[in-house]
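Under UniProt numbering, the first residue of the sequence shown is numbered 1, with each subsequent residue one higher. No residue lacks a Cβ here, since even glycine has one placed at the ideal position from N, Cα and C. Bear in mind that the values here come from a model prediction, so they are computed numbers and not experimental data.
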Amino acid sequence: MASSGATLEDIPSVDIMTELLRRFKCNSKPDKRLILVGPPGSGKGTQSPIIKDDYCLCHLATGDMLRAAVAAETPLGIKAKEAMVKGELVSDDLVVGIIDEAMKKPSCKKGFILDGFPRTLVQAQKLDEMLEKQGVKIDKVLNFAIDDSILEERITGRWIHPSSGRSYHTKFAPPKVPGVDDVSGEPLIQRKDDTAEVLKSRLAGFHKQTEPVIDYYGKKGVLAHLHAEKTPNEVTAEVQKVLSS
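Encoded structure:
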């Protein structure tokens, strides 16, 4: 029976060669298992796609993975949906299980970037337990350190391309055309929680919950502090220096 998908003959030669070169480049890259930690507006969303492409990693955002697992009706996704329908928080064990599933995809062969998880000390411990069963561990935790006072201007000027996660800023990293994604030409959105009032609440939660996570990985010797108040290019250079050492 004929496949409903595109056959190899339908794919332009230049696309095939580009993909082959990408895979060849990826084979020479070291495996990396990374966690990005930082308050909202610290630059994680800007640096994550760069790190992902440089090291051929998969990007694991827990919110996206949960929605995907629910939509695919995986066993864990069904359990997560049951919790959501009841208005309950999805348990840490379920989230770690969904991360475990996602890590087994071919796109995660060279490693992953975890963004938005772990947020608490208990989550960090459960994640380490899961990784230990696989015989691997977190290689580096990148802490996007920045003073709270710098974040308000960053947050309120931020615009996002929903489908790719590419982020822009009206002052610091404007798109070529206002309100339009550089790559796809699709419209950008401003998230409802990108306000000064919401930021204040989110920062309070971050300091209370996530700073113990930073201390936890610091004691393990895998923590790297980045100067997240610098320009995106300067932070990229810091990231590359940390990950190549």
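Buried versus exposed, by CB contacts within 10 Å (16 or more), residue i
| i | result |
| --- | --- |
| serine 244 | exposed |
| serine 3 | Model confidence at serine 3 stands at a pLDDT of 43, short of 50, so the residue's coordinates are unreliable; what they give is reported in the following sentence. It is exposed - the Cβ of serine 3 has fewer than 16 other Cβ atoms within 10 Å. |
| valine 90 | buried |
| threonine 62 | buried |
| glycine 205 | exposed |
| arginine 191 | exposed |
| valine 14 | exposed |
| isoleucine 189 | exposed |
Member of the options whose CA lies at the smallest distance from the CA of residue i
| i | options | result |
| --- | --- | --- |
| threonine 236 | Leu142, Gln190, Ser184 | Leu142 |
| threonine 120 | Leu20, Val213, Thr231 | Val213 |
| glycine 203 | Glu152, Gly87, Ile98, Ile11 | Reading the sequence as shown, one finds leucine at residue 203 and not glycine. For leucine 203, the nearest C-alpha among the options comes from Glu152. |
| isoleucine 113 | Lys133, Tyr168, Gln47, Ala80 | Gln47 |
| lysine 200 | Pro12, Pro40, Pro30, Lys25 | Pro40 |
| aspartate 215 | Pro178, His169, Val122, Lys137 | Val122 |
| proline 232 | Val242, Phe172, Val177 | Phe172 |
| glycine 38 | Glu19, His169, Asp148 | Asp148 |
| lysine 241 | Ile51, Gly77, Ser164 | Ile51 |
| proline 30 | His169, Arg67, Asp53, Gly218 | Asp53 |
| threonine 195 | Met84, Lys86, Arg154 | Arg154 |
7 Å Cβ cutoff met for residue i and residue j
| i | j | result |
| --- | --- | --- |
| glutamate 101 | isoleucine 150 | no |
| glycine 135 | lysine 32 | no |
| isoleucine 105 | leucine 34 | Checking the sequence shown, residue 105 turns out to be lysine, not isoleucine. For lysine 105 and leucine 34, no; Cβs fall outside 7 Å. |
| phenylalanine 117 | serine 42 | no |
| leucine 115 | lysine 208 | One detail in the question is off: residue 115 reads as aspartate in this sequence, not leucine. Not closer than 7 Å, so no. |
| isoleucine 98 | alanine 69 | yes |
| cysteine 108 | cysteine 58 | yes |
| proline 175 | tyrosine 168 | yes |
Coarse secondary structure for residue i, derived from DSSP in three states
| i | result |
| --- | --- |
| aspartate 54 | helix |
| aspartate 215 | helix |
| arginine 154 | helix |
| arginine 119 | coil |
| leucine 188 | coil |
| histidine 169 | strand |
| lysine 79 | helix |
| histidine 59 | strand |
| histidine 227 | strand |
| isoleucine 98 | helix |
| isoleucine 138 | coil |
| glycine 41 | coil |
Inter-residue Cα distance where the pair is residue i and residue j
| i | j | result |
| --- | --- | --- |
| aspartate 181 | threonine 156 | 18 Å |
| glycine 185 | lysine 126 | 41 Å |
| threonine 210 | leucine 36 | 12 Å |
| glutamate 73 | glycine 221 | 38 Å |
| leucine 8 | arginine 23 | 17 Å |
| proline 75 | methionine 65 | 13 Å |
| methionine 103 | methionine 130 | 11 Å |
| aspartate 193 | proline 187 | 18 Å |
| glutamate 82 | valine 95 | 14 Å |
| methionine 1 | alanine 224 | For methionine 1, the predicted structure reports a pLDDT of 40, less than 50, and the residue's modelled location is therefore unreliable. The matter cannot be settled from this model. |
| glutamate 234 | leucine 21 | 28 Å |
| leucine 226 | lysine 79 | 37 Å |
| alanine 124 | glycine 77 | 21 Å |
Chain C within 7 Å of residue i, Cβ atoms only
| i | result |
| --- | --- |
| glycine 38 | In summary, chain C is missing from the structure at hand, where a single protein chain is found. |
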